[in-house]
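Chains as they are written, first to last, in our numbering: chain A, 85 to 546; chain B, 6 to 137; chain C, 34 to 199.
Here it is in structure tokens:
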């Protein structure tokens with residue numbers, strides 16, 4: 085609960101920083117607030133095992149971990165956003181405020197124990213995202229991205245609301261515990277009322293949309309490509325973590341034993357999602373669009389974690405999400421520097437990077453290797469853990485498809501790496517210096533290495 | 006099955022709305038009646054001049070369907086926001102006595118951020134028609 | 034009496050919502066939507082949900098519709114309606130998908146016995162403003178307070194999207 089309060093207040097403050105045009109103060113203030121939120125999240129008083137506020141919100145280990153990852157990734161994105169928002173900054177404080185509000189929504193989602201709370205969370209997460217996607221006002225692509233995301237997102241929200249209504253109609257309560265005991269009161273899920281099942285399915289549809297998994301992935305390439313790069317990486321990492329965390333919370337705490345019925349559905353959708361994502365990514369020239377499809381593919385791998393949910397720890401998904409987020413942030417950070425010097429966001433624009441910025445290239449290479457799942461990087465450990473669990477649940481065929489997909493992935497990740505080493509036509513690229521930028525990038529890259537070699541650092545601390 | 010849904014609503018409270026319903030019917034009927042009546046009773050002399058949109062001897066230029074300025078939209082959406090916010094006052098007002106001081110504080114917590122939001126809008130000049 | 038009213042309202046709601054999605058003129062579409070909202074408000078009243086009914090009329094039929102009209106007026110209506118290509122396959126898929134969805138809902142509704150009559154007398158007061166207020170300020174206090182964060186985020190969003198910084 086503390087980080088929610090801290091970030092809400094910080095958001096309001098940041099919005100006044102924007103109103104008074106204190107552009108110099110904006111970023112330090114926001115960073116400080118995010119750090120404070122991270123600290124307050126880890127306070128022992130923040131932990132509670134029983135839902136608070138009449139069963140609305142529960143900050144147990146699950147929510148605290150997810151909140152920690154979301155805040156940490158947001159922190160890194162905010163630091164890196166300096167390059168993007170350096171001079172193009174209209175409404176700077178206001179935009180940072182929207183970031184913070186969105187994180188608040190994500191934390192509410194993963195911590196909620198009530199469908200009403202849950203809905204409020206998903207809206208607080210999404211509405212700032214719609215606006216952020218369109219925040220580059222003079223860029224038509226950004227406007228299109230915002231509009232598309234908003235229309236489809238609100239359309240899917242309607243489905244979710246209908247699902248919530250149907251669940252409420254059959255159970256008579258919004259409370260996760262009440263719904264859980266309602267499910268438990270039936271011997272098998274075949275006897276559950278049809279209307280309840282339809283309601284649950286509709287809510288799941290909303291999740292499948294939010295994590296941009298097939299068959300509801302069509303929005304994500306356009307939206308990711310059109311949005312400003314900083315927003316895109318925020319959507320692909322923090323918002324996705326929130327959506328996965330929320331889905332876990334719903335499947336685990338709300339419908340509990342019933343979630344196993346959806347295992348086959350999740351398995352098929354996961355196979356479909358990763359295949360579509362990887363096959364489409366093979367053909368992309370724009371780096372952002374490639375990352376968008378790679379994000380779709382990764383949603384597929386992550387969805388494998390929904391299978392046989394009741395017997396497995398939720399750590400692996402979070403680990404994978406964290407590792408994927410870090411790699412994605414690095415890739416976008418490199419993209420930002422290249423875009424600034426070259427003016428082109430295509431993969432070919434990476435040419436000559438090695439000659440002028442060997443350190444950046446090193447970071448990019450490690451990020452791509454991690455995304456491709458090459459040992460000893462963290463991406464490999466994440467994939468391995470997820471695959472092993474799927475085999476344990478008896479989904480060997482899914483793991484075979486996932487393995488083929490990983491090989492496909494290597495192709496396009498290597499294409500990006502190769503471009504960085506090719507010589508540029510017009511000599512080495514000149515990139516202006518931004519304070520602390522490389523330091524943060526190197527730290528992220530080291531995190532990828534350390535998490536990959538000593539995964540127990542992550543799995544052990546909790 | 007439909008009956009079972011409906012039967013539970015055979016409450017007296019529904020009768021209370023009969024008056025409102027009647028008034029609505031009356032209002033709609035009056036509007037409809039006057040519209041039909043003026044059209045049928047009035048004399049009809051149609052000329053080209055009479056069909057003009059503006060008649061003060063000035064030639065009308067262009068088209069009436071011009072795109073609106075975004076200003077209207079901004080004002081309208083801010084109005085909707087505060088309108089929705091005001092809706093939450095009704096349940097509070099009805100329970101004002103029972104909720105007491107605590108309820109007042111709860112409402113204050115809800116309304117304080119919105120007041121800050123209002124200040125923000127003022128500072129941003131979103132309500133300043135001239136400067137938009 | 035209740036049943037007749039129900040069927041009249043249902044007919045109105047369905048007719049106007051069909052008009053909303055089929056009419057070529059955006060203005061008629063919006064006005065049909067207003068009519069649909071009124072019919073829905075009638076349903077809420079029949080279900081004793083007075084508060085929702087009034088909110089529906091004040092906010093949806095009033096405020097949001099004004100917003101919709103502004104949006105329609107921001108479009109350039111002089112142009113003839115844009116002809117978006119709609120391939121036959123896409124239309125067919127939409128009809129089939131919508132049909133399956135409707136069928137699922139109807140089938141699920143007819144197979145499910147909802148909690149009725151016994152509790153319904155107790156439920157009769159549920160929709161009143163008084164009960165709703167009590168629930169809002171006790172049980173659902175946290176979502177209620179956090180809604181203000183949502184409002185604020187929206188305010189920031191409107192300003193960011195529509196205003197230039199001087």
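Cβ coordinates follow ideal geometry from the N, Cα and C atoms, glycine included.
Completely contained alpha helix (DSSP H) runs for the region 327-373 of chain A, where each covers 4 or more residues: 347-365
Chain-order list of residues whose beta-carbon lies under 7 Å from that of residue 481(A) (same chain, five-residue window excluded): none
Under 8 Å between C-beta atoms of residue 547(A) and residue 234(A): A question about residue 547(A) goes unanswered here, because the residues of chain A that appear run from 85 up to 546.
Limits of the unbroken alpha helix (DSSP H) element including residue 44(B): 23-46
Sub-8 Å separation of residue 310(A) and residue 216(A) beta-carbons: no
DSSP beta-bridge partners of residue 198(A): 259(A)
Beta carbon proximity, residue 60(C) to chain B, threshold 8 Å: no
Length-filtered (3 minimum) beta strand (DSSP E) runs lying within the region 284-332 of chain A: none
Three-state class that DSSP yields for residue 461(A) in the structure shown: Coil.
Helix, strand or coil at residue 136(A) [DSSP, three-state]: strand
Closer than 8 Å to chain B by CB, residue 99(A): yes
Under 7 Å from the C-beta of residue 424(A): neighbouring residues of chain C: None at all; the shortest Cβ gap to chain C is about 22 Å.
Residues, ordered as in the chain, of the region 39-60 of chain C that lie near chain B by beta-carbon distance below 7 Å: 39
Rounded distance between the beta-carbons of residue 320(A) and residue 379(A), thought under 8 Å: 5 Å
DSSP three-state assignment for residue 98(A), whether helix, strand or coil: helix
Option nearest residue 375(A) by Cα separation, candidates 408(A), 337(A), 263(A): Minimum Cα distance to residue 375(A) is reached at 408(A).
Simplified DSSP state of residue 430(A), which is helix, strand or coil: strand
Residue-chain proximity (residue 217(A), chain B), Cβ-Cβ < 8 Å: no
Test item: CB-CB of residue 393(A) and residue 404(A) under 8 Å: no
Local Cβ density within 10 Å of residue 74(B), reported as buried at 16 or more and exposed below that: Exposed is the call here.
Same chain only: Cβ atoms within 7 Å of residue 151(C), ignoring 5 sequence neighbours per side: Only weak support exists for where residue 151(C) lies, its pLDDT of 46 falling under 50; the coordinates are left without a value.
Limits of the unbroken alpha helix (DSSP H) element including residue 50(C): Looking at the DSSP string, the run of the alpha helix (DSSP H) that includes residue 50(C) is 35-55.
4 or more residues per run - each alpha helix (DSSP H) lying fully within the region 220-253 of chain A: The region 220-253 of chain A contains no whole alpha helix (DSSP H) run of 4 or more residues.
Contact belief for residue 118(A) with residue 176(A) at Cβ below 8 Å, rounded distance in angstroms: No, residue 118(A) and residue 176(A) are not in contact; Cβ-Cβ is about 16 Å, not under 8 Å.
Under 9 Å from the C-beta of residue 174(C): neighbouring residues of chain A: Within chain A, the residues near residue 174(C) are 137, 138, 140.
Whether residue 74(C) touches residue 45(C) by CB criterion (8 Å): no
Spatial neighbours of residue 167(A) in its chain, beta-carbon cut-off 8 Å, leaving aside the 5 residues before and after: Setting aside the 5 residues that flank it on each side, residue 167(A) is surrounded in the same chain by 417, 420, 421, 424, 518, 521, each with a C-beta closer than 8 Å to its C-beta; the list follows chain order.
Under 7 Å by beta carbon: chain A residues contacting residue 118(B): Taking a Cβ-Cβ cut-off of 7 Å, the neighbours of residue 118(B) in chain A comprise 96, given in sequence order.
Burial state of residue 509(A) (16 or more Cβ within 10 Å): exposed
Proximity test, Cβ basis, 8 Å: residue 212(A) and chain C: yes
Members of the region 180-205 of chain A that neighbour chain C once the beta carbon cut-off is set at 7 Å: Those would be 181, 182, 185, 188, 192, 200, 201, 204, in chain order.
Minimum Cβ-Cβ distance from residue 184(C) to chain B less than 8 Å: Interface flag for residue 184(C) against chain B is set, since a Cβ pair is found closer than 8 Å.
Pair within 8 Å by beta-carbon distance, residue 291(A) and residue 237(A): No, the pair does not count as a contact, with Cβ atoms beyond the cut-off.
Partner residues on chain C for residue 97(B), Cβ-Cβ distance less than 9 Å: Neighbours of residue 97(B) in chain C, taken as residues whose beta carbon is under 9 Å from its own, are 166, 169, 170 in chain order.
Per-residue burial, residue 154(C) [other beta carbons within 10 Å of its own, 16 or more giving buried]: Only weak support is given to the placement of residue 154(C): the predicted model assigns it a pLDDT of 49, under 50, and the question is left unresolved by the model.
8 Å Cβ cutoff, residue 123(B) in contact with chain A: no
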